[in-house]
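Chains as they are written, first to last, in this note's numbering: chain A, 128 to 463; chain G, 3 to 377. Every residue gets a Cβ at the ideal spot worked out from N, C-alpha and C, and that includes glycine.
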Amino acid sequence: MATSPRILLAHGGGGQLSRELIDREIVSRFGAGPLQGLPDGATVAVDGPEVIFTTDSFVVQPIEFPGGNIGDLAVHGTVNDLAVCGARPRWLSLALILEEGLEIELLRRVLDSVKAAADDSGVTVATGDTKVVARGQCDGLFVNTAGIGDRLPGFELSPKYLREGDHVLVSGPIGDHGFAVLAARENIHIKNGPKSDSAPVHRLVQAASDWAAEVRFMRDPTRGGLASVLNEMVENSAIGIQIQEERIPLSAGASAVSELLGLDPLHVASEGRLLMVCSAAAAPAILDTWQAMPEGCGARDIGTVTDAAGRVVLETLMGGHRLVDVPRGELLPRIC
Amino acid sequence: MKYIEGFRNPGAAAALREDIRALTEALPPSLLRQGYGGQANRTTNIMEVCGSHTMAIARYGIRDILPSQIKLISGPGCPVCVTDAGYIDTAIELARRGVTIVTFGDMLNVPGSDTSLAAVRSEGHSIEICYSPLRALELAREFPEREIVFLAIGFETTVAPALAVIDQAIAAGVENLSLLVAFKLVPPALAALMTDPDLQIDAFLCPAHVSAIIGADAYQPFTGSEGVPCVIAGFEPLDILLGLKGILTQLGSGIAEVDNQYSRVVTDAGNRRAQALMETYLEPADVSWRGIGVIPASGLALKAEWSRYDAEQRHNVRVEVGKMDPACRCGDVIKGIASPFDCPMFGNVCTPSSPFGPCMVSSEGSCAAYYKYSR
C-alpha cells in the first residue's frame, strides 16, 4: 500500500500505521532522550526538592501563521509559563490530536518547529501521545504540552509583593502574535505586516536572576494582552499601576493592523514577551541587561506602581489619562 | 503609519492644549457665567455628534486635558445606540423564521424588547457576523436556497456600502437577499437637538466620515446668526484638539460658520457617487430614534420600486417601536442631557458584559466609552 499523504483514522488505531507514524515522525525527532523505547511514562531528573509543573492546550487557527506555527507556539507557551514562575524549563510532554485528512507534510513542519523550539528553549520532549479523530471532530491539529522546570533560587513572585514606586518593564513590542494570527485569518495582506513574536522568555528570566530578590512578579502577556495582566495584578489590591502610552513598544505591522481593525494593542496577545515588576533600584540594570540580548533589544520601562487602589491608568500621548480596561468577551478566539 | 503618528504628536498636542486654554479664558462672559436659564458658572457645551469622536476622546483622555469650563457632550452619532429595540425584535423574528441574518458584530448584543440576537444565535438560529456588507451577497450566492437579510443600519457613511450590495445583487441576478433598513441622517438630528429646550448646545464638532459623504455645505443651515459654530474634524487626537480650537476661536469672535478642518477627506459637496446611489434607491422617511422618538424625514427607506429587496415587504414583517427598561437613561444620554454617570444603572447592573441600554452595547456608545476609559 502506497504511503498516504494525509492522516487516516488508522494512523490512530494502534496498529501498523500508528507504529509507522510514531517511528517516522516522533521517534526520529525526539527519540534520543527519555522517549527512547517508548515507555508508558518518562523518567526525568530534576535539580532540587521543588519543581514547577504546568500545562496548556493549543488550538490556534490558522495552524501556520506569519512568524510561526502551532508547534513552536505549543513549546513557547508552556516554556514561558514555567519561566515566569521563576523556573528553568527542563521537560516537556507533547500530545497531538490529529483530524483525519490532515496533510502529513503539514504535520512534519509542525513537528520540526516543535523540535527547533524545544532545542532553543533548553527543554526535552520526554513523553507524548497521538490520537486521530474523524473528519470534522477537530480542526486539523490540536496540541497539548505540559512542562516541568527547576525552580530558580531567589525568586519569590506574587502580585502581593508589589510596592508603590516599583517599575513595570516589558521585554519588547506587544501584540504581534495576536495581530499576525488575526491578519492571517482575516486575509489582511499588508506589506511588512505583523509577524508572531512567539519565542521563549526563559533567557530573559535567567538574565534577571542576579536581581531575583528585587523582582516582585512576572507574567507573559498572552490572551487578554498587557491590559489583562496589569489589571489582574492590581485586582482587589491597595495599589494600582500607571503606564505611559509613549513608552509602550509597538511594531509598525502591529500598529497597522490595530488601526485597520480598531483593536487596542493593549488587549492583544504576545507569545514571546515578558512583563516584569521590579524595584525602582533594579529596573535600570535589568533593562540594560535585557536590551543587550537579542530577545530583549526592544525592552522598555513602561510605568510604575501607584497608590491608586485597583486602577490601571494610561497616560495618553495627548497628556490625558484614561482607565485601561480588560477586554470583554471573546475578542480574538483561538489565538493560541 | 507615519501618516497617523503625525496626528498623535505629543508636542503639537501640548501647543494646542495651551491655545485651547488661552481661548477659553478669553471667551466672552455670556459664554462663561450667566447664559441660559440664569445658571451660574454655565459651561461651554460642545457636542461631539459622532460615536467615533466619543471613542477617540475617551481613548486619548482628551476630556482630562481640557479646561473644566469646556463640557463635551456626546451626541446621537452611534448608529447602534439609536437603533430602536423594535428593529432588533424584527431581526430576531426573521432569524426565528429561518432567515439568515448578516450583521456587523456590534448589533449582536443590543437588547431587543425581550432578548438579543446573540441569545437567539445560541438557540441555533443563523446569524452571521461580517466586516463588509458584501459578505451578505457572498452568502446569498453560496446558499441560493436560503433567504439572506442584511441588517442595514447606520448613518450616511454606511448607507452607500449597504446599497452597493443591492446594486451588485441586481446586476448579478441574485434574488434571495434583502435589507432590513434603518438608515438615519445626521442633519435632521442636529436640527432636532438645536431646537430642544432641554439642551444648550454652543457648538457642534461635526462627524468626519459622515461629512465625507454629505459634504461640508450640509451644515450651512445650522450656522449664521441663529446658529452655532459647526467644525468638521477628523478622528485622530490632534484633529479633535484642532477642531475644538476652531470652535473656541469662533465662539470668542461671536461668529458661527462651517469650518472644514478635515479637508484631507471632506469636500464642500461630498461624495457625489454615494449620493447618487442613495437617490436611486432611497427616499426620506420619518424614523424612530431610540431614546429620542420619531424625527420627521430623519431616515431613509427603500423606494417602492425596490420593495423586493426590502426585508419588511419581502418577509411581511413590520418594525414596531420596542420596549425599553424604564430605568435606562440611554435616551437622555443620546440627547446629551445626561452623562452616563447620571444613570442609576451605569456600571452596576449595566456593564459591557451585561448591557441594558444600547449606549453600553456598542463600542461607540457613550456609556461603553465612559465605562471603558473613565469609570
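Exercise. In terms of DSSP beta bridges, what is Val-335 (chain G) paired with?
Worked result: According to DSSP, Val-335 (chain G) bridges with nothing at all.
Exercise. From Gly-40 (chain G) to Ser-356 (chain G), what distance separates their C-alpha atoms?
Worked result: Because Gly-40 (chain G) sits at a pLDDT of 46, beneath the cut-off of 50, its placement in the model cannot be relied upon, and the following sentence gives the value as read from the coordinates. Straight-line Cα distance between these residues: approximately 40 Å.
For this session: Determine the burial state of Thr-170 (chain A): buried for a count of at least 16 other Cβ atoms within 10 Å of its Cβ, exposed for fewer.
Result: Taking all protein chains in view, the Cβ of Thr-170 (chain A) is surrounded by fewer than 16 other Cβ atoms within 10 Å, so the residue is classified as exposed.
Problem set entry | Strand pairing of Val-356 (chain A), partner residues [DSSP] | DSSP output for Val-356 (chain A) lists no bridge partner at all.
Problem set entry | Identity of the residues DSSP links to Gln-371 (chain A) by a beta bridge | A:Glu-442
Exercise. From Gly-425 (chain A) to Trp-338 (chain A), what distance separates their C-alpha atoms?
Worked result: 20 Å
Exercise. Looking at the structure shown, is Val-183 (chain G) part of a helix, part of a strand, or coil, going by DSSP?
Worked result: strand
Exercise. What is the rounded straight-line gap between the Cα of Ile-462 (chain A) and the Cα of Gln-369 (chain A)?
Worked result: Approximately 27 Å between the Cα atoms of the pair.
Problem set entry | Three-state class that DSSP yields for Thr-205 (chain A) in the structure shown | helix
Problem set entry | Per-residue contacts from Arg-10 (chain G) into chain A (C-beta, under 7 Å) | Leu-444
Exercise. What residue from G:Leu-141, G:Gly-156 and G:Ile-155 has the CA that sits closest to Glu-149 (chain G)'s CA?
Worked result: G:Leu-141
Problem set entry | Uninterrupted beta strand (DSSP E) stretches inside the region 107 to 156 of chain G (no shorter than 3 residues) | If only uninterrupted beta strand (DSSP E) runs of at least 3 residues are considered, those enclosed by the region 107 to 156 of chain G are 129 to 132 and 150 to 156.
For this session: Assign Ile-67 (chain G) to one of three DSSP states: helix, strand, or coil.
Result: For Ile-67 (chain G), the three-state secondary structure derived from DSSP is helix.
Problem set entry | Close beta carbons around Glu-359 (chain A), own chain, < 7 Å, minus the five adjacent residues each side | none
Exercise. Where does Leu-289 (chain A) sit, in a helix, a strand or coil, going by DSSP?
Worked result: coil
For this session: Let me know the secondary structure DSSP gives His-448 (chain A) once reduced to three states.
Result: strand
Problem set entry | 7 Å Cβ cut-off: residues of chain A touching Ile-378 (chain G) | Since the first residue of chain G shown is 3 and the last is 377, residue 378 (chain G) is not available in this structure.
Exercise. Listing by chain order, which chain G residues have their CB less than 8 Å from the CB of Leu-450 (chain A)?
Worked result: Under a criterion of Cβ atoms nearer than 8 Å, the residues of chain G adjacent to Leu-450 (chain A) are, in order, Lys-374, Tyr-375, Ser-376 and Arg-377.
Exercise. At what residues does the alpha helix (DSSP H) containing Trp-218 (chain A) begin and finish?
Worked result: Careful: Trp-218 (chain A) lies outside any alpha helix (DSSP H), inside the beta strand (DSSP E) at 214 to 226.
Problem set entry | Pro-392 (chain A) in three-state terms, based on DSSP | helix
Exercise. Of the residues G:Ser-290, G:Leu-302, G:Ser-255 and G:Thr-26, which one's Cα is nearest the Cα of Leu-181 (chain G)?
Worked result: Distance from the Cα of Leu-181 (chain G) is smallest, within the candidate group G:Ser-290, G:Leu-302, G:Ser-255 and G:Thr-26, for G:Leu-302.
Exercise. Roughly how many angstroms separate the alpha carbons of Ala-17 (chain G) and Thr-26 (chain G), rounded to a whole number?
Worked result: 14 Å
Problem set entry | Supposed close pair Arg-19 (chain G), Ile-67 (chain G) - CB separation, criterion 8 Å | 5 Å
Problem set entry | Backbone CA spacing between Gly-37 (chain G) and Arg-44 (chain G) [nearest angstrom] | With a pLDDT of only 42 at Gly-37 (chain G), under the threshold of 50, the placement of this residue in the model should not be trusted; the figure read from the coordinates follows. Take the alpha-carbon of Gly-37 (chain G) and the one of Arg-44 (chain G): they are about 7 Å apart.
For this session: Figure out for me which residue from G:Thr-85, G:Ile-242, G:Pro-360 and G:Arg-274 has the closest Cα to the Cα of Tyr-264 (chain G).
Result: G:Ile-242
Problem set entry | Leu-165 (chain A) classed as buried or exposed, judged by whether at least 16 other C-beta atoms fall within 10 angstroms | exposed
Exercise. Does Gly-447 (chain A) have its Cβ less than 7 Å from a Cβ in chain G?
Worked result: yes
For this session: Identify each residue in the region 153 to 172 of chain G for which the Cβ-Cβ distance to at least one residue of chain A is less than 7 Å, and report them in chain order.
Result: none
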